[in-house]
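Down below is the structure, laid out as structure tokens.
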Amino acid sequence: MFAISIPGLPLNTEYTDLSDTSFEFLINDVVNPKYGTVFLIDHEDVSHDVVCAVYLETPFTDGEYSLVGYIGASNPTLLMRIDGGPDKDEMFNIRVGLEICDKESVREAIQEQHENLIEENTELNDLLDGIGSKIVSNLQDYLESYAVDVEDITVIPLASLDEWVDNFNRKIRLNPRFWEDFE
1 MFAISIPGLP
11 LNTEYTDLSD
21 TSFEFLINDV
31 VNPKYGTVFL
41 IDHEDVSHDV
51 VCAVYLETPF
61 TDGEYSLVGY
71 IGASNPTLLM
81 RIDGGPDKDE
91 MFNIRVGLEI
101 CDKESVREAI
111 QEQHENLIEE
121 NTELNDLLDG
131 IGSKIVSNLQ
141 DYLESYAVDV
151 EDITVIPLAS
161 LDEWVDNFNR
171 KIRLNPRFWE
181 DFE
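First residue of the sequence shown? That's 1 in my numbering, and the numbers climb one at a time after it.
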């Protein structure tokens, strides 16, 4: 009923029945896959109200399954992105979980996951905006200290900008969170 394809490996149709509605593929010793495809075979026999939620677990998802999408009669394939670890030649195992459920509950779970991601990104963007404004303000204050008025024009020596960039890079190397002390 299901199959999974990982580039460089043969098509895998061997999964384990965990229950009447849950199944699992275990793919061992995979080297840095970028993506995989899950297939629903014989999808003509499946009701349009029922789908199969697809979950992915790798050593880099902290041992937890992550909902990556669903397959069903209207969309019998799912291309899923697989994030490898920092060592691109490291071999690891992948588990793909499948759970048969109603389409609406999967859509709600995906929507909730999407909203959580937006919230996390909003918090990160707020943090980055705060960092950016602190850095720009620091740069402005630094350059203004070198400003000289010449005939109604404010002149700032270009070397002062180079010096600020050098100082900034040095501070980042010494303490990547030094910007938190900016006022």
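We put the beta carbon where it would ideally sit given N, CA and C, even for glycine.
Worksheet entry | Same chain, Cβ closer than 8 Å to residue 17, neighbours up to 5 away in sequence not counted | Hits under 8 Å: 23.
Practice prompt. Determine which residues share a DSSP beta bridge with residue 81 and list them.
Written response: Paired residues: 35.
Worksheet entry | Proximal residues to residue 49 (C-beta, below 7 Å), its chain only, five neighbours per side dropped | The residues are 102 and 103.
Item to complete: Report yes or no: do the segment 110–118 and the segment 25–33 share at least 3 C-beta pairs separated by less than 8 Å?
Response: Touching, no, given that fewer than three Cβ pairs across the two stretches are closer than 8 Å.
Item to complete: Find out if the Cβ-Cβ distance for the pair residue 33, residue 7 is shorter than 9 Å.
Response: Closer than 9 Å, so yes.
Discussion item. Looking at residue 98: is its Cβ nearer than 9 Å to the Cβ of residue 55?
Written reply: Yes. Within cutoff.
Practice prompt. Could you say which of 90, 3, 20 and 155 lies nearest to residue 13 if we only look at CA atoms?
Written response: Of the listed residues, the one whose Cα sits closest to residue 13 is 3.
Worksheet entry | 4-residue-minimum alpha helix (DSSP H) runs that sit fully inside the segment 106–175, ordered along the chain | Counting whole runs of 4 or more residues, the segment 106–175 contains the alpha helix (DSSP H) stretches 158–174.
Discussion item. Assuming residue 54 is part of the beta strand (DSSP E), what are its boundary residues?
Written reply: Run containing residue 54: 50–57, per the beta strand (DSSP E) assignment.
Discussion item. For residue 35, count the other beta carbons within 10 Å of its own beta carbon; 16 or more makes it buried, fewer makes it exposed. Which is it?
Written reply: With fewer than 16 neighbouring CB atoms inside 10 Å of its own CB, residue 35 falls in the exposed class.
Practice prompt. Figure out for me which residue from 75, 77, 70 and 93 has the closest Cα to the Cα of residue 58.
Written response: It is 93 whose Cα lies nearest to the Cα of residue 58.
Worksheet item: Who does residue 46 pair with in a DSSP beta bridge?
Response: None, per the DSSP bridge assignment.
Practice prompt. Find out if the Cβ-Cβ distance for the pair residue 67, residue 53 is shorter than 9 Å.
Written response: At the C-beta level, residue 67 and residue 53 come within 9 Å of one another.
Worksheet entry | 9 Å Cβ cutoff met for residue 38 and residue 72 | No; because the gap between Cβ atoms is not below 9 Å, this pair is not in contact.
Fill in: residue 106 burial status per 10 Å Cβ neighbour count (16 or more: buried)
Residue 106 comes out buried.
Worksheet item: Would residue 79 pass as a contact of residue 70 if the rule is Cβ separation under 9 Å?
Response: Taking the C-beta atoms as reference points, residue 70 is found no nearer than 9 Å to residue 79.
Discussion item. Within a Cβ cutoff of 8 Å, which residues of the same chain sit near residue 154, ignoring the five residues on either side of it in sequence?
Written reply: 147 and 148, listed in sequence order.
Worksheet entry | Inter-residue Cα distance where the pair is residue 140 and residue 121 | Between residue 140 and residue 121, the alpha-carbon positions lie close to 28 Å from each other.
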